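One structure is given below, encoded as structure tokens.
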Amino acid sequence: MTRGARDESSVAQAAAPPQQGKPHSTPPGVPQAAPRGNPYEDHGAPRVSIQGLPGWLDPVVEAVRTVRPTQLSRFLPPEDGRGRQSAVLILFGEGPRGPELLLMERAGSLRSHPGQPSFPGGALDPEDGDPHTAGPLRAALREAEEETGLDPAGVQLFGVLPRLYIPVSEFVVTPVLGWWRDPSPVGAVDPAETARVFTVPVADLTDPDHRVTAVHPSGHLGPAFTVESALVWGFTAGVIDRLLHFSGWERPWDRSRQVPLDWRA
Numbered sequence: 113m114t115r116g117a118r119d120e121s122s123v124a125q126a127a128a129p130p131q132q133g134k135p136h137s138t139p140p141g142v143p144q145a146a147p148r149g150n151p152y153e154d155h156g157a158p159r160v161s162i163q164g165l166p167g168w169l170d171p172v173v174e175a176v177r178t179v180r181p182t183q184l185s186r187f188l189p190p191e192d193g194r195g196r197q198s199a200v201l202i203l204f205g206e207g208p209r210g211p212e213l214l215l216m217e218r219a220g221s222l223r224s225h226p227g228q229p230s231f232p233g234g235a236l237d238p239e240d241g242d243p244h245t246a247g248p249l250r251a252a253l254r255e256a257e258e259e260t261g262l263d264p265a266g267v268q269l270f271g272v273l274p275r276l277y278i279p280v281s282e283f284v285v286t287p288v289l290g291w292w293r294d295p296s297p298v299g300a301v302d303p304a305e306t307a308r309v310f311t312v313p314v315a316d317l318t319d320p321d322h323r324v325t326a327v328h329p330s331g332h333l334g335p336a337f338t339v340e341s342a343l344v345w346g347f348t349a350g351v352i353d354r355l356l357h358f359s360g361w362e363r364p365w366d367r368s369r370q371v372p373l374d375w376r377a
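Everything in the sequence shown is counted per our numbering, starting at 113 for the first residue and increasing by one.
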């Protein structure tokens with residue numbers, strides 16, 4: 113998310129153990145079909161499909177289908193509709209060490225959260241369309257292309273998590289999940305906004321040695337990951353933490369290991 117102010121201090125945290133609930137995978141009105149070729153087909157509406165996904169993604173698909181908003185975070189969008197609509201792309205690929213996630217690192221010169229890792233994403237533009245249907249899908253793909261240079265034609269969207277909220281920046285964030293079916297070269301498109309683009313093996317994210325608790329200057333505690341010479345924390349780490357948990361990939365880790373965050377965080 114590189115447009116507008118953002119704040120990652122509002123960490124997504126589970127508020128209840130797994131429960132059976134109303135399935136949640138895609139917003140009402142979002143086209144669902146097996147994508148072929150460019151995901152902007154069908155008059156610009158991206159499609160969502162679980163067909164042809166690798167078997168190791170099955171637990172993630174099930175987690176997306178069943179998870180409730182309150183199991184992801186205690187910060188949910190205001191009922192009065194306030195908040196700036198935005199979306200992030202949670203892109204799973206497969207690398208030399210198996211499943212991996214695509215992340216980016218904000219430029220160190222930015223006034224807001226310099227050097228902070230995040231998912232590709234940003235605020236919805238008017239041309240993205242309805243934020244309650246396919247708008248977040250378009251925004252997630254568009255922003256990922258603008259920030260990392262990836263080719264959206266190689267991405268198969270397979271699910272959407274419930275909308276979450278970042279109170280300080282008033283972003284209403286829709287996490288969109290994708291499978292990097294046909295990987296393309298990626299990198300920092302605009303160095304003034306993005307310092308680097310990198311992938312993180314899921315094996316490292318589940319490794320207890322790479323897990324810590326981030327301590328915000330305000331006293332807020334949240335999950336964090338020390339991977340690829342970076343500390344992943346805040347909203348991004350919170351979503352990853354919940355995905356690992358509800359997919360059954362989480363391994364026991366020492367939550368007493370704490371890392372203090374800089375006062376500018």
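Quick reminder that beta carbons are idealized off the backbone N, C-alpha and C, glycines included. Being a predicted model, the structure only gives us computed values, none of them experimental.
**Item:** C-beta contact flag for Gly195 and Glu259 at 7 Å
**Value:** no
**Span of the beta strand (DSSP E) around Gln197** = Arg196 to Gly207
**Alpha carbon of Ala251 to alpha carbon of Ala199, nearest angstrom** = 6 Å
**Request:** Count the other CB atoms, across all protein chains shown, that sit within 10 Å of the CB of Asp374; report buried if there are 16 or more and exposed otherwise.
**Result:** exposed
**Request:** Kindly give me the distance between the Cβ atoms of Leu215 and Val344, rounded to whole angstroms, as I take these residues to be in contact under 8 Å.
**Result:** 7 Å
**Request:** Determine the extent of the beta strand (DSSP E) in which Glu217 is found, giving its start and end residues.
**Result:** Gly210 to Arg218
**Message:** Given this structure, state the Cα-to-Cα distance separating Pro313 from Arg209, to the nearest angstrom.
**Reply:** 6 Å
**Item:** Validate contact between the stretch 327-341 and the stretch 231-241 using beta carbons, cut 8 Å, 3 pairs
**Value:** no
**Beta-carbon proximity check, Val324 vs Arg254, cutoff 7 Å** = no
**Asked** Taking the continuous beta strand (DSSP E) assigned at Val371, which residues delimit it?
**Response** Gln370 to Pro372
**Message:** Is it buried or exposed, Val371, if we count other Cβ atoms within 10 angstroms and call 16 or more buried?
**Reply:** exposed
**Asked** Using DSSP with H/G/I as helix, E/B as strand and the rest coil, what is Leu247?
**Response** According to the sequence displayed, residue 247 carries Gly and not Leu. Of the three classes helix, strand and coil, the one that applies to Gly247 here is helix, per DSSP.
**Request:** Taking only the alpha-carbon atoms, compute the straight-line gap between Ser359 and Pro303 and give it to the nearest angstrom.
**Result:** 34 Å
**Message:** Per DSSP, what are the beta-bridge partners of Arg308 in this structure?
**Reply:** Glu217
**Asked** Does the Cβ-Cβ distance between Phe231 and Thr348 come in under 7 Å?
**Response** yes
**Prompt:** In the stretch 252-283, which residue ranges form an unbroken alpha helix (DSSP H) of at least 4 residues, counting only runs that do not cross its ends?
**Reply:** none
**Asked** The alpha helix (DSSP H) spanning Ala175 covers which residue range?
**Response** Asp170 to Thr178
**Message:** Looking at the secondary structure, which residues open and close the alpha helix (DSSP H) in which Pro181 lies?
**Reply:** Pro181 to Leu184
**Item:** Endpoints, beta strand (DSSP E) assigned at Leu333
**Value:** Leu333 to Val339
**Prompt:** If you follow the alpha helix (DSSP H) that Ala326 is part of, which residue opens it and which one closes it?
**Reply:** Looking at the DSSP string, Ala326 is not in any alpha helix (DSSP H); the run it does join, the beta strand (DSSP E), is Arg323 to Val327.
**Asked** What is the rounded straight-line gap between the Cα of Leu249 and the Cα of Leu165?
**Response** 18 Å
**Prompt:** So, are the CB atoms of Ile202 and Pro287 less than 7 Å apart?
**Reply:** yes
**Asked** So Val314 is in the alpha helix (DSSP H); what residue range does that whole segment cover?
**Response** Val314 to Thr318
**Asked** From Trp365 to Phe337, what distance separates their C-alpha atoms?
**Response** 11 Å
**Request:** Please state whether DSSP places Ala342 in a helix, a strand or coil.
**Result:** strand
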